[in-house]
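Residue numbers (our numbering): 27 to 356. We put the CB at the ideal spot given by N, CA and C, even for glycine.
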């Protein structure tokens, strides 16, 4: 039987219906009613996956998981797997207040020794760079020690594995692959159904207003480029990314290019180490950007860092972006 109540509770607990910077509370999306006699899909083990070019075989559902990055942590929490998480690390923002308790073992990527001390059977990483000899451990070495590794496919960088561009279909396929790993395809299918309904209910902005996705940086801004999660969300919201022609997920962009593009709105990524307020202060003190109409008229849209990377918050981020832009007159 589909765990619809658990799913709804998990999503709400993760704050997926309460993004920071929202103009208002989003309307609840209708949920499909599962067939009463529907049998949940079961995973047939061993399950072998080609993950970013590394072959990973699961003999059974993982029981001791270390997550690295907010996106991986929040997905497992939404799946109701907190009791199988031996720890989480390198979170981009605090977990929502009502999320199940999880031990945060490090503010940064844990080292190999700290990783092995937890005796995980899986390290679920948000970035490929999390799994190196300088990070949580080289994938081949960890495998030789009996520790499986899995990188969110949306973060794969090698040609043939990197989504180009990332789409919501690819993101939802990622959710379903994680569900198969944990023998929870019924839950991830329900999540995907709910998120697709929410996405379909969003009316994109009219008039193709342009936007700068300002992630970080001071001397040179680091912006959402043309093939990653920012582009995917801006497209869904009906905004035109001024860096859409840059063939990357995120990229440096000169302030001169920003001024020349003269974006209608500026999406500000809010992170503890580079807050939206600090970005606003920079934009309004920089003589070049201070003259931009979007800055003078404070046409800002705020998105939490954890919602700006590919993950379970992206659909709600699109809804929030549309609502905030609408409140600005678009």
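Taken through DSSP and simplified to helix, strand or coil, residue 115 comes out as strand.
No Cβ-Cβ contact shorter than 8 Å links residue 162 with residue 69. Rounded to the nearest angstrom, the Cβ distance from residue 341 to residue 188 is 22 Å, too far for a contact under 8 Å.
Our two residues, residue 103 and residue 126, have alpha carbons roughly 7 Å apart in a direct line.
Secondary structure at residue 83: strand, using DSSP grouped into helix, strand and coil. In this structure, the beta-carbon distance from residue 237 to residue 279 does not fall below 8 Å. Look at residue 214 here: in three-state DSSP terms it is helix. With a beta-carbon spacing of about 11 Å, residue 240 and residue 276 fall beyond the 8 Å limit used to define contacts. Boundaries of the beta strand (DSSP E) harbouring residue 150: 148–151, taken from the DSSP string.
Between residue 180 and residue 154, the beta carbon gap of about 11 Å keeps them out of contact (Cβ cut-off 8 Å). Rounded to whole angstroms, the gap between the alpha carbons of residue 346 and residue 324 is 17 Å. When the five nearest sequence neighbours on each side are left out, the beta carbons in the same chain lying within less than 8 Å of the beta carbon of residue 332 are those of 96, 97, 100, 117, 118, 119 and 339, in order along the chain. When only Cα atoms are considered, residue 150 and residue 319 end up about 43 Å apart. Sequence-distant Cβ neighbours of residue 285 in its own chain, meaning closer than 6 Å and more than five residues away, are 314. Under the 8 Å Cβ criterion, the segment 299–317 does not count as touching the segment 256–270, having fewer than three qualifying pairs. In this structure, 73 is the residue among 113, 73, 91 and 92 with its C-alpha nearest to the C-alpha of residue 85. In this structure, residue 272 lies away from residue 255, with their beta-carbon atoms at least 8 Å apart. Taking C-beta atoms under 8 Å as the contact rule, residue 82 and residue 174 qualify, at a distance of about 6 Å. Of all alpha-carbon atoms in 114, 196 and 316, the one lying nearest the alpha-carbon of residue 253 is that of 196. Cβ atoms of residue 208 and residue 105 come within 8 Å of each other, at about 6 Å.
When 312, 349, 210 and 274 are compared, the shortest CA-CA separation from residue 326 is found for 349.
With fewer than 16 other beta carbons inside 10 angstroms of its own, residue 229 counts as exposed. Contact check for residue 140 against residue 131 passes: the beta carbons are separated by less than 8 Å. In summary, residue 134 is exposed, with fewer than 16 beta-carbon neighbours lying within 10 Å of its beta-carbon over all protein chains present. Judged by DSSP in its simplified three-state form, residue 76 adopts strand. Annotated as proximal: residue 343 and residue 259, with beta-carbon spacing under 8 Å. Under DSSP, the beta-bridge partners assigned to residue 297 are 300. Bounds of the beta strand (DSSP E) holding residue 241 are 236–242. For the alpha helix (DSSP H) assignment, the uninterrupted runs of no fewer than 4 residues enclosed by the segment 257–294 are, from N- to C-terminal side, 281–287.
Of the residues 90, 107 and 124, the one whose Cα lies closest to the Cα of residue 143 is 90.
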